[in-house]
Amino acid sequence: MQKLAPHKVIPGNRPSNTLVVERISPRRLGALVAMYEHKVFVQSVIWGTNAFDQWGVELGKEMGKAVYQRLTGGTEEPADDASTQGLIHYFRGRHRG
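Numbering (the numbering used here), first residue to last: 14 to 110.
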């Protein structure tokens, strides 16, 4: 991993949030998006980082595609970490169609 460019790797052991809800309204979803946009901006100002880092966005998209494939059964390959694999297992068990 040390040979990979830093923008191609996300280090582990970082706090994250996973929200699990049965139903969500457009208003509540919009409020969540606005809250996270504000949180990311404020953190970037405090920490002096670039909240609009395109390399990080692209890496997140690639990781999201891999999780989507696992969620939809496109691949049975396990996730890279136990936490993600546990969430995938939970959501696949609750999927109704």
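For each residue, glycine too, the CB sits at the ideal point set by N, CA and C.
Quantities reported herein were computed from a predicted structural model and do not represent experimental measurements.
Item                                                                                : Value
Val46 and Ala64 closer than 8 Å at C-beta                                           : no
Range covered by the alpha helix (DSSP H) that runs through His51                   : 39-60
Whole-angstrom C-beta distance between Arg107 and Leu84, which should lie under 8 Å : The Cβ separation is near 11 Å, so there is no contact.
Range of the contiguous alpha helix (DSSP H) that encloses Ile101                   : 95-107
Whether Ile101 touches Val80 by CB criterion (8 Å)                                  : yes
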